[in-house]
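> Residue numbers (the numbering used here), protein chains in the order written: chain A, 852 to 1096; chain B, 852 to 1096; chain C, 852 to 1096; chain D, 852 to 1096; chain E, 852 to 1096; chain F, 852 to 1096. Note that beta-carbon positions come from the ideal geometry of N, C-alpha and C, so glycine has one too.
There are 6 protein chains.
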Amino acid sequence: MSRIDGRTPQQLRPVTIERGWSKHAEGSVLVSFGDTKVFCTASVTEGVPRWRKGSGEGWVTAEYAMLPRATNTRGDRESVKGRIGGRTHEISRLIGRSLRAVIDYKALGENTIVLDCDVLQADGGTRTAAITGAYVALADAVTWAHRRKLIRAGRQPLTGTVSAVSVGIVGGVPLLDLCYDEDVKAETDMNVVCTGDGRFVEVQGTAEAEPFAREELNDLLDLAVAGCTELATLQRAALTAALEK
Amino acid sequence: MSRIDGRTPQQLRPVTIERGWSKHAEGSVLVSFGDTKVFCTASVTEGVPRWRKGSGEGWVTAEYAMLPRATNTRGDRESVKGRIGGRTHEISRLIGRSLRAVIDYKALGENTIVLDCDVLQADGGTRTAAITGAYVALADAVTWAHRRKLIRAGRQPLTGTVSAVSVGIVGGVPLLDLCYDEDVKAETDMNVVCTGDGRFVEVQGTAEAEPFAREELNDLLDLAVAGCTELATLQRAALTAALEK
Amino acid sequence: MSRIDGRTPQQLRPVTIERGWSKHAEGSVLVSFGDTKVFCTASVTEGVPRWRKGSGEGWVTAEYAMLPRATNTRGDRESVKGRIGGRTHEISRLIGRSLRAVIDYKALGENTIVLDCDVLQADGGTRTAAITGAYVALADAVTWAHRRKLIRAGRQPLTGTVSAVSVGIVGGVPLLDLCYDEDVKAETDMNVVCTGDGRFVEVQGTAEAEPFAREELNDLLDLAVAGCTELATLQRAALTAALEK
Amino acid sequence: MSRIDGRTPQQLRPVTIERGWSKHAEGSVLVSFGDTKVFCTASVTEGVPRWRKGSGEGWVTAEYAMLPRATNTRGDRESVKGRIGGRTHEISRLIGRSLRAVIDYKALGENTIVLDCDVLQADGGTRTAAITGAYVALADAVTWAHRRKLIRAGRQPLTGTVSAVSVGIVGGVPLLDLCYDEDVKAETDMNVVCTGDGRFVEVQGTAEAEPFAREELNDLLDLAVAGCTELATLQRAALTAALEK
Amino acid sequence: MSRIDGRTPQQLRPVTIERGWSKHAEGSVLVSFGDTKVFCTASVTEGVPRWRKGSGEGWVTAEYAMLPRATNTRGDRESVKGRIGGRTHEISRLIGRSLRAVIDYKALGENTIVLDCDVLQADGGTRTAAITGAYVALADAVTWAHRRKLIRAGRQPLTGTVSAVSVGIVGGVPLLDLCYDEDVKAETDMNVVCTGDGRFVEVQGTAEAEPFAREELNDLLDLAVAGCTELATLQRAALTAALEK
Amino acid sequence: MSRIDGRTPQQLRPVTIERGWSKHAEGSVLVSFGDTKVFCTASVTEGVPRWRKGSGEGWVTAEYAMLPRATNTRGDRESVKGRIGGRTHEISRLIGRSLRAVIDYKALGENTIVLDCDVLQADGGTRTAAITGAYVALADAVTWAHRRKLIRAGRQPLTGTVSAVSVGIVGGVPLLDLCYDEDVKAETDMNVVCTGDGRFVEVQGTAEAEPFAREELNDLLDLAVAGCTELATLQRAALTAALEK
């Protein structure tokens, strides 16, 4: 049985990670998981929020948003509505936590890095693409900060790499990296964030139709770990390529 | 090794579920998990939101909030700040999804039930106490709606029961139902929502300090399933007691 | 002629004042006037708002709110609406002014006490119950601050006691402490805040249907003063009981 | 002993009521109580708010605001702050209630009249000047609606007249119609709204420094009733003058 | 062919500029262009916004608003809506830029002047009347600041005068200073801000119905420059008259 | 004398117009004017806003926004601030007016087209790039609507083409299409919107440092008209190329 787009259940969509997409940001990536395209920038500023001043420790945070026509039907802008929706809040927090999981605040020093993940086109898995791309932008921003001596020589704020993927059960079959049409039909939907060494940073599973059994959970975790490992390889490849900016 | 409050790692805090706490609401419960106290009301209204009209299906939603002095330090009211924070949004959505997982919309008919979960006193696990208590308030509201003929005789909108508990790894030891002081020290923190038959509705695990391994995840899930089963028994007991209202 | 609930015109509803209802707050009270239940907490913080810094004087303020299902029909949360309504504003200001009327700012020193009055169940007279309960929470908070040496020994910030009651004319008869069903039918509605020695802190009378004559005003004031005196006795009794917290 | 501005304790400031100040509004008045100047407009629209439709009854409501430099120090605009303050809310509600006290909704029919009271210059007593002026604008708007046949011939929505004045105790002496400098020093401050026949619509007394005794309250009410009676005469005079618009 | 109100195409409406309209503001003007009436106040405060501190330079800014019944149909207050509309923002910014064009920040020193332009009655050209009136209020505020020694003797922050007028093409004819009824019918609408020596500060032309040709643009600019010159004369006359305040 | 980037005063930056950049939107364009990159989508929906229903006429509107790191320093998101700034409002309104200038509402029928212009990277001239790109997206959306029979065969809602360019005086020299570094130094700054036949839709000139003379205005208009003509040619070329989507 093949999937909507011809993939096997264990197969990621074509993933591309283009660095240097912005002339202004300290790190910037256009990441695509199939038709899902997220523009990730990392902005470095000296200093930290007030509540952290004098601690000698840095801070990393993230904001996620969708362009109004990233989806099939145009959505109202949150700036126009005057309030950020629950989904946006939730995903921004998830991205922030995921990247902070591989940050050594002491090594970062009193610097702040903000990751902005703006979805240009959505086709399922926007939050996992965002985390995967934001990590690469973050890594470039750290390199930039090293070069500018904002981070002391010999200190490495990154304690590992991090990537994310969605998995789900569709028609009883566990699938990796759901596109939108699969996501809509999924009985169970899970987003998994892993470090490069295969440990978990976040596991968020939701029963969409039916509660799921322990076995199903295990199958999904297997798929996700394999997917994240593959994404970690792609991140590494992207980061070792020359950045012609 | 015993815990801060003398419990074993597998032990829940003392749980109480008091029904009939409001003279106005169709279902109402004061639930406590140790010193965490959440006031849950279920409000039934005929009709559904506009986007669901004419579908013949009902709707269930939830809102979570904390009183300003529910915590050790007074927090500003979200009404005064003029915006709902990300954490509040996230938990409200979690509670809503958890309860919808055991609802048959067709059987509910075009009625809406809103669960309000207001934390009177917080000591860790407010979202899991809220889900556990809200289920009981929901069950009472369904009974009320049956009596008022809002739901047709012979139709049962509840397809099961649902309860939730937090688990976490503290000092390397997996613990059930963390109180605030444990939560703060947890390396990994997980909230698990289960149906009464031991299947999963939501699994949300977060690495607070260190990424966690598959094994640790498994230990935590074991603990959580046992805890939810125990909570399901307490819910059943509460619901079979006479409601003197 | 007896009232809806069998009381005489001069009779208060059963009043209870339970102290120590929160393990976090410096003072906390669950006050009930019949079915009206308000949870009052007093939060002490060292320091004062910016505009008062260096004055050597303290500050006392209050916030009032209703849980969404405190009333017969569920109301939208003000946090969700993103703005505080006029009624909420008005009552919060009334409570703050009432308590400040018995505060000696110099004796309080540069400390701030915030009174939060959250209505758990509403049946008329929520603002008067809130003032009456908040005074007791405030007194406990002052005791706490004395013990912590935030207030200098020998200085008493409380210059008196304060309580409040509603009165109104229903069917031509002046009644004390209106419940919701009486309030709705009242031709004139008045909230009176008195000190323990029978003087006035606030008098707010409103003609709901017909303008009222001086005579009627006098009758209502007589009733209110008697009611407040009775409430002052109950406050004193509550405060002299041991607080087992 | 004479007052700051040479008045006797029982004396109003010079009061002027200029009608026809706007070419657009159905009723419009520039009212001044000494240096306090309030621009009041009455806007008539056919139809009523949704919750009142089909009742056959009309609605009257009011909004109060201050221009940013109405006061000695410039205040931020509430439109810029994005929220209406408690004081504004409170006064808007007071003005609305006061005018509704002399309205027969049935006679008004399904029409809405909105009173806008914008303070151009403030020198104490802005809310009482607003009520006094708004009544005259309202009366003109009712005449306009009669002429346009929005109100049926022979029906009079106005059941009386209404005016308001502030009173207070300054240096132990009860004074009528406080200007700003007196208001700031008042021990007790009271706003009284009366109908033309000397009955009360609103009585709002506040102890600013010391709680006040029954006797003082009585003195203040005497002063206020006399002041309102005088204002009623001035309103009548203004309304019988020709409106050259 | 004569215009709606009998003017020639090159004729301004009757313009009045009354100074000293507020007892509180450092400069204040009631300006009218026919039935358009705008109340302009200039508020001086020592100090500048944070981003300008220590620069030795001052700041000038403006806020524009309409009273709800300034227009033929009542508009909702922006304070009630909780947000400022695009039109308000746009005009406030235009007024601020126009006045800053004749300010020497160094000579002003670290003082801030805020111009508030509140439209009491609108009949077309409110933004141009506002700029014209605000300049006069600004000049009075500068005089005040000189007298108070906030501005150093011998330094003149005003580098020139500024006035504004609207022009438009109605029925193919270029007209000066459109009233509302003309504005509504205009094919092209232009607001022009000039200095007293006939140079341009702002030119904002908009095709309302048809795009306009270079020739038409030229005709409109000719009209506008002549109109501004006339307004500059009126401003000068107003400012040389004695201010009896 | 050559410019910062080597251009002559009369030279546009390299302009690219890529169509089909979104798989969801009915029209979509990535437009670049040098390093300024704006993503424009056109979203078609059947029906019109309430105030236009039953008129048989369509509606076109626009929203402009910047990604937080489109600029050299990261800006806070307007969704997070909870309000749209004046600059955003102003530009959104300008884009909307500009495109409506070439729309025949009757021919469009009761359909709405929303243009979203999101700046991915800013280097001066974002509003003019947005208008130029949005026109192309609009043209594609009209074609789409024709194919879907939302617009009747034989009716052409586009009455012409529209493009925009900035001009300014830098160091006394009139320049076409300012980049950011030129814009910052400009004495006068003007945005001009023209139709393809060289007539004006909008002319917005602002003196940044010095008021400008009629002559300078004329020079700038000459430059702008030539620039818009060139842009119109590029738009035509882009639209005649095959859209491989």
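Would you kindly work out how many angstroms separate the C-alpha atoms of Val-880 (chain A) and Gly-984 (chain A), rounded to a whole number?
The residue you call residue 880 (chain A) lines up with position 29 of the first sequence. The residue you call residue 984 (chain A) lines up with position 133 of the first sequence. Rounded to whole angstroms, Val-880 (chain A) to Gly-984 (chain A) spans 6 angstroms at the Cα level.
> Which residues in the same chain have their Cβ closer than 7 angstroms to the Cβ of Ala-1083 (chain D), if we skip the five residues on either side of it in sequence?
As a working note, residue 1083 (chain D) is residue 232 in the fourth sequence. Hits under 7 angstroms: Thr-1012, Ser-1014, Gly-1047.
> Quick one: Cα of Thr-832 (chain A) to Cα of Ile-942 (chain A), how far?
Nothing about residue 832 (chain A) can be reported from this structure: the residues present for chain A run from 852 to 1096 only.
> What does the Cβ neighbour count give for Trp-902 (chain D), buried or exposed, with the cut at 16 atoms within 10 Å?
As a position in the fourth sequence, residue 902 (chain D) is number 51, starting the count at 1. By the neighbour-count rule (16 or more Cβ atoms within 10 Å), Trp-902 (chain D) is not buried but exposed.
> If contacts are defined as beta-carbon pairs under 8 angstroms, then Cys-1030 (chain A) and Gly-885 (chain A) qualify, I think. What distance do you get, rounded to the angstrom?
As a first step, residue 1030 (chain A) must be located in the first sequence, where it is residue number 179. As a first step, residue 885 (chain A) must be located in the first sequence, where it is residue number 34. With 8 angstroms as the limit, Cys-1030 (chain A) and Gly-885 (chain A) qualify as a contact, their Cβ atoms being about 6 angstroms apart.
> Measure from the C-beta of Glu-1181 (chain E) to each C-beta in chain F and report whether the shortest distance is under 7 angstroms.
Residue 1181 (chain E) cannot be examined here, being either before or after the span of chain E that is shown, 852 to 1096.
> Considering only residues of the same chain and omitting the five flanking positions on each side of Tyr-986 (chain B), which have a CB-CB separation below 7 angstroms?
Within the second sequence, the letter at position 135 stands for residue 986 (chain B). Leu-950, Thr-1012, Val-1013, Ser-1014, Gln-1086.
> Which residues in chain B sit within 7 angstroms of Val-965 (chain C), going by Cβ to Cβ distance?
The residue labelled residue 965 (chain C) in the question sits at position 114 within the third sequence. Those within 7 angstroms of Val-965 (chain C) in chain B are Arg-925.
> At 7 angstroms on the CB atoms, spell out the chain C contacts of Ser-879 (chain D), in chain order.
Looking up residue 879 (chain D) in the fourth sequence gives position 28. Those do not exist, as Ser-879 (chain D) stays about 25 angstroms from chain C at its closest Cβ, beyond 7 angstroms.
> So Arg-1050 (chain C) contacts chain D; which residues on that side make the cut at Cβ distance below 7 angstroms?
If you number the third sequence from 1, residue 1050 (chain C) lands on position 199. Ordered by position in chain D, the residues that pass the 7 angstroms Cβ test against Arg-1050 (chain C) are Pro-1062, Phe-1063, Ala-1064.
> Just list the residues that DSSP pairs Asn-962 (chain C) with in beta bridges.
On the third sequence, residue 962 (chain C) is found 111 positions in, with the first residue counted as 1. Bridge partners of Asn-962 (chain C): C:Glu-897.
> Does the CB of Arg-978 (chain B) have a neighbour CB from chain A at under 7 angstroms?
On the second sequence, residue 978 (chain B) is found 127 positions in, with the first residue counted as 1. Chain A, which has no Cβ nearer than 7 angstroms to the Cβ of Arg-978 (chain B), makes this no.
> Do you know whose CA, among E:Arg-854, E:Met-917, E:Arg-870, lies nearest Leu-863 (chain E)'s CA?
Mapped onto the fifth sequence, residue 863 (chain E) falls at position 12. For the residues E:Arg-854, E:Met-917, E:Arg-870, the minimum Cα distance to Leu-863 (chain E) belongs to E:Arg-854.
> Below 7 angstroms between beta carbons: does that hold for Val-849 (chain C) and Val-1043 (chain C)?
With chain C running from 852 to 1096 in the structure shown, residue 849 (chain C) is simply not present.
> Can you name, in chain order, every residue of its own chain whose Cβ lies under 6 angstroms from the Cβ of Ile-954 (chain B), other than the five neighbours on each side?
The residue given as residue 954 (chain B) occupies position 103 in the second sequence. Correct list, in chain order: Val-911, Pro-1008.
> Please confirm if Thr-1010 (chain B) has its CB atom under 7 angstroms from at least one CB of chain C.
Mapped onto the second sequence, residue 1010 (chain B) falls at position 159. Not one chain C Cβ lies under 7 angstroms of Thr-1010 (chain B).
> Report yes or no: is there a C-beta of chain C within less than 7 angstroms of the C-beta of Pro-919 (chain B)?
For the purposes of this step, residue 919 (chain B) is taken as residue 68 along the second sequence, with counting starting at 1. Yes, its Cβ sits closer than 7 angstroms to a Cβ of chain C.
> Who are the near neighbours of Pro-865 (chain A) in its chain, counting only those whose CB is closer than 7 angstroms to its CB and skipping five residues on each side?
Within the first sequence, residue 865 (chain A) is the residue found at index 14, counting from 1. If we look at Pro-865 (chain A) and ignore the five residues flanking it on each side, its Cβ neighbours are Gly-885.
> Among E:Leu-966, E:Ser-930, E:Gly-937, E:Pro-900, which one has its Cα closest to the Cα of Arg-934 (chain C)?
To locate residue 934 (chain C), count along the third sequence from 1; it is residue 83. Ranking E:Leu-966, E:Ser-930, E:Gly-937, E:Pro-900 by Cα distance to Arg-934 (chain C) puts E:Ser-930 first.
> Using a Cβ-Cβ cutoff of 7 angstroms, what residues of the region 927 to 958 of chain E are near chain D? List them in chain order.
The region 927 to 958 of chain E vs chain D, Cβ under 7 angstroms: Arg-928, Glu-929, Ser-930, Val-931, Gly-933, Arg-934, Ile-935.
> Taking Ala-1075 (chain F) as the query, report the chain E residues whose CB atoms sit under 9 angstroms from its CB, ordered along the chain.
In the sixth sequence, counting from the first residue as 1, residue 1075 (chain F) sits at position 224. Those do not exist, as Ala-1075 (chain F) stays about 11 angstroms from chain E at its closest Cβ, beyond 9 angstroms.
> With a threshold of 7 angstroms between beta-carbons, can Gln-862 (chain B) be considered close to chain C, or not?
Stepping through the second sequence from its first residue, residue 862 (chain B) is reached at position 11. Cβ-Cβ to chain C under 7 angstroms: no for Gln-862 (chain B).
> For Ala-990 (chain A), which of helix, strand or coil comes out of DSSP?
Within the first sequence, residue 990 (chain A) is the residue found at index 139, counting from 1. Looking at Ala-990 (chain A) - three-state DSSP - the assignment turns out to be helix.
> Where does Cys-1030 (chain A) sit, in a helix, a strand or coil, going by DSSP?
Counted from its first residue, the first sequence places residue 1030 (chain A) at position 179. In the structure shown, Cys-1030 (chain A) sits in coil (DSSP, three-state: anything other than H, G, I, E or B).
> Under 7 angstroms, do Lys-888 (chain D) and Leu-971 (chain D) count as touching if we go by C-beta distance?
To locate residue 888 (chain D), count along the fourth sequence from 1; it is residue 37. To locate residue 971 (chain D), count along the fourth sequence from 1; it is residue 120. Yes, the pair counts as a contact, with Cβ atoms nearer than the cut-off.
> Looking at Pro-919 (chain D): is its Cβ nearer than 7 angstroms to the Cβ of Gly-926 (chain D)?
Here the question's residue 919 (chain D) lines up with position 68 in the fourth sequence. Here the question's residue 926 (chain D) lines up with position 75 in the fourth sequence. Cβ distance < 7 angstroms, so Pro-919 (chain D) and Gly-926 (chain D) count as in contact.
> Which residues share a DSSP beta bridge with Glu-869 (chain D)?
Counted from its first residue, the fourth sequence places residue 869 (chain D) at position 18. According to DSSP, which records beta bridges pairwise, Glu-869 (chain D) is partnered with D:Leu-881.
> Starting from Thr-1057 (chain C), find everything on chain D with Cβ-Cβ shorter than 7 angstroms and list it in chain order.
Position 206 of the third sequence, counted from the first residue, corresponds to residue 1057 (chain C). Simply Arg-948, Glu-1053.
> Roughly how many angstroms separate the alpha carbons of Ala-1088 (chain A) and Leu-1001 (chain A), rounded to a whole number?
To locate residue 1088 (chain A), count along the first sequence from 1; it is residue 237. To locate residue 1001 (chain A), count along the first sequence from 1; it is residue 150. Their Cα atoms are separated by approximately 26 angstroms.
> In terms of residue numbering, what span does the beta strand (DSSP E) encompassing Gly-1056 (chain E) cover?
For this step, residue 1056 (chain E) is matched to residue 205 along the fifth sequence. Note, Gly-1056 (chain E): beta strand (DSSP E), 1051 to 1058.
> Rounded to the nearest angstrom, what separates Ala-1004 (chain B) and Ala-981 (chain B) at their Cα positions?
The residue you call residue 1004 (chain B) lines up with position 153 of the second sequence. The residue you call residue 981 (chain B) lines up with position 130 of the second sequence. Rounded to the nearest angstrom, the two C-alpha atoms are 29 angstroms apart.
> Let me make sure I understand the geometry here. Which of B:Ala-921, B:Gly-976, B:Val-899, B:Thr-892 has the alpha-carbon closest to that of Cys-891 (chain C)?
In the third sequence, residue 891 (chain C) corresponds to position 40, counting from 1. Looking at the Cα atoms, B:Ala-921 is the closest of the given residues.
> Which partner residues of Ala-916 (chain F) appear in the DSSP bridge assignment?
Working through the sixth sequence from its first residue, we reach residue 916 (chain F) at position 65. For Ala-916 (chain F), which the question treats as bridged, DSSP gives the partners F:Asp-969.
> Could you name the residues of chain D that Thr-1084 (chain C) contacts, counting a contact when the two beta carbons are closer than 8 angstroms?
Working through the third sequence from its first residue, we reach residue 1084 (chain C) at position 233. Within 8 angstroms Cβ-Cβ: nothing; Thr-1084 (chain C) doesn't reach chain D, min ~18 angstroms.
> Below 9 angstroms on C-beta distance, what does Thr-1046 (chain A) contact in chain B?
Residue mapping note: residue 1046 (chain A) aligns to position 195 of the first sequence, counting from 1. Ala-1058, Pro-1062, listed in chain order.
> Can you give me the Cβ contacts of Ala-916 (chain D) inside the same chain, cut-off strictly under 6 angstroms, excluding the 5 residues immediately before and after it?
Translated into positions along the fourth sequence, residue 916 (chain D) becomes position 65. Closer than 6 angstroms at the Cβ level, and outside the excluded window around Ala-916 (chain D), lie Asp-969.
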